[in-house]
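Numbering (the numbering used here), first residue to last: -10 to 362. Where a beta carbon is used, it is the ideal one built from N, C-alpha and C, also for glycine. Owing to the predicted nature of the structure, the values given are computational and were not obtained by experimental measurement. Step one of this worksheet: look at the structure below.
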């Protein structure tokens, strides 16, 4: 393993998970582990959560769910989003919960179930205002009735997704909650089937208790980050990911010399420049050119010049005591200093979700405080 890797702290993961559990009782918890658990490692994260009795796992694609099954995970898994009929047989083969978003999918699913002599477990998705995936309320009722009358289909859940729960104005989120509640009341009045109703993402878990229903779906908060940089919360979340490298070289550079590609930085004085073996191919975003910071020996130093594919350059000053081999933290804590994932996302006008997805496959994930599965 090289000097550049991310550390995944499972103690922090369980701290965040416990906060969520306590806050939403008696609702169930579906941990969202799509996109390689937001960059943290979906198998390892899922194993730790399963050991701690998580109720459900949520992923975006059936391939992600199959990888968890092949790792020995038996916990229920819901695959979100619009799914292609040609893959429905794999949902039956691997005992996965399928999201239904079109009424035509139900007839196709029934035929596959009949051929395999297996029942399918589904969650019907309602579009309450995101206009992305799901039934609009008027067509949902017809789809629900068709599924409820099928001997091959088991309706496990009904859910929707909130588009704006991290915004300071609650009006649109409250409207979505009201629409979802109307559907819930309609189903409970007309049908006796026990169904899981779920709506709340991380922002709604923290700010909208009325959205908790039977199950919540934490994603970004599980990994210790707010859903957006300006999101205000008093939750004591702990970042799970720490991105680090080491100083590989120190150069003495004269005053007024250009640094890195395209001469985007000139040294203001004779100075020491550290070379750190991490670049945009590793997931250190090129947009951090001339604005990024790293922590070395507890002090923050600026990234200077263009971020390269495999390296960044750091301005140490002329009197620096930094030496080759010293740890350089790209985000996370070192000593009393901290570069938060939220701070970086604010710098680049993005969201913490994207930042934790940056570290590439070239970067090892080192899992700390993890029990053997």
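What number of angstroms, rounded off, separates the C-alpha of residue 74 from the C-alpha of residue 322? 46 Å
From the DSSP output, in three-state form, read off residue 243 for me. In the structure shown, residue 243 falls within a coil segment according to DSSP collapsed to helix, strand and coil.
Would the beta-carbon of residue 214 fall within 8 Å of that of residue 341? yes
How long is the line joining the alpha carbons of residue 276 and residue 333, rounded to whole angstroms? Looking at the backbone, the Cα of residue 276 and that of residue 333 are separated by about 11 Å.
Is residue 127 buried or exposed, if buried means 16 or more other CB atoms sit within 10 Å of its CB? exposed
Whole-angstrom distance between residue -10 and residue -3, CA atom to CA atom: 16 Å
Identity of the residues DSSP links to residue 250 by a beta bridge: Residue 250 is not bridged to any residue.
Contact set for residue 71: own chain, Cβ-Cβ below 6 Å, skip 5 residues either direction: 90, 122
Where residue 137 and residue 177 are concerned, what is the direct C-alpha to C-alpha distance, given to the nearest angstrom? 13 Å
Would residue 317 and residue 298 qualify as a contact pair, given that the criterion is a beta-carbon distance under 8 Å? Not in contact: residue 317 and residue 298 (Cβ atoms no closer than 8 Å).
DSSP three-state assignment for residue 20, whether helix, strand or coil: strand
Spatial neighbours of residue 19 in its chain, beta-carbon cut-off 6 Å, leaving aside the 5 residues before and after: 45, 47, 204, 206
For residue 187: DSSP bridge partner residues: 148, 204
Have a look at residue 179 and residue 274 and give me their C-alpha separation to the nearest angstrom. 52 Å
Taking the alpha-carbon of residue 292 as reference, which of 84, 264, 358, 233 has the nearest alpha-carbon? 264
If you reduce the DSSP assignment to three classes, tell me which class residue 158 lands in. coil
Distance, Cα to Cα, residue 245 vs residue 268? 24 Å
Decide yes or no for the touch test of the region 53 to 70 against the region 83 to 99: beta carbon pairs closer than 8 Å, at least 3 of them. Output reads yes: the region 83 to 99 touches the region 53 to 70.
With DSSP as the reference, label residue 115 as helix, strand or coil. strand
For residue 359, which three-state DSSP category applies? coil
Looking only at its chain, what residues have a beta carbon closer than 7 Å to the beta carbon of residue 309, apart from the 5 residues adjacent to it on each side? 261, listed in sequence order.
Paired residues, beta bridge with residue 86 - DSSP: 67
Which of helix, strand or coil does DSSP assign to residue 180? Reduced to three states, the DSSP call for residue 180 is coil.
Going by C-alpha to C-alpha distance, which of 16, 4, 6 sits closest to residue 198? 16
Considering only their Cβ atoms, is the gap separating residue 146 from residue 184 smaller than 8 Å? yes
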